[in-house]
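Comments concern the structure below.
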Amino acid sequence: GIGMLGMIAAKSLDQPFTQAMEQGMLPALGMRHTYVQVPAAQMANYAQGYNKDDKPVRVNPGPLDAESYGIKSNARDLIRYLDANLQQVKVAQPWREALTATHVGYYKAGAFTQDLMWENY
Numbered sequence: 001g002i003g004m005l006g007m008i009a010a011k012s013l014d015q016p017f018t019q020a021m022e023q024g025m026l027p028a029l030g031m032r033h034t035y036v037q038v039p040a041a042q043m044a045n046y047a048q049g050y051n052k053d054d055k056p057v058r059v060n061p062g063p064l065d066a067e068s069y070g071i072k073s074n075a076r077d078l079i080r081y082l083d084a085n086l087q088q089v090k091v092a093q094p095w096r097e098a099l100t101a102t103h104v105g106y107y108k109a110g111a112f113t114q115d116l117m118w119e120n121y
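Each residue of the sequence shown is one higher than the one before, counting from 1 in full-length UniProt numbering.
Okay, structure coming up:
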């Protein structure tokens, strides 16, 4: 699934997934408060879920955990990401091309088309 896609993307860049994201894509998109692994200094700003005993629940470590669980972002960075995908903010050409490539449809079922991480209806 998604973890394998992340692993393959990082391998194609010849670097670990977390490094590719935190030192490559996220800064290139201007996302300054988005992390694969939330730094200790930012944990107070990290909203996690809670279990039935009201204990904090965070992602569990395991194979492909960084690639599978995704990034943790604040609202401003999330809007920035959407704006970059909608071409509302300036992004360097290689990153613009990469974002555009994620919107190419690969599978269609009725009115639904599956892109790379996006869905069209």
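Cβ coordinates follow ideal geometry from the N, Cα and C atoms, glycine included.
Subject >> Val104 versus Trp95: straight-line alpha-carbon distance, rounded >> reply: 15 Å
Original post:
Should Gln87 be counted as a contact of the ligand HEM given a C-beta to heavy atom distance under 7 Å?
Top reply: The ligand HEM is not part of the structure shown, which contains no ligands of any sort.
Subject >> Whole-angstrom distance between Ala84 and Glu97, CA atom to CA atom >> reply: 11 Å
Subject >> Cβ separation of Tyr46 and Val57, assumed to be a contact under 8 Å, to the nearest whole Å >> reply: Not really, about 12 Å apart at Cβ, beyond 8 Å.
Original post:
Roughly how many angstroms lie between the CA atoms of Ile2 and Gly110, to the nearest whole one?
Top reply: 23 Å
Original post:
If you check the beta carbons only, do Tyr35 and Ile8 fall under 8 Å apart?
Top reply: No, the pair does not count as a contact, with Cβ atoms beyond the cut-off.
Original post:
By how many angstroms is the C-alpha of Glu119 removed from the C-alpha of Gln42?
Top reply: Between the C-alpha atoms of Gln42 and Glu119 there is a straight-line separation of about 31 Å.
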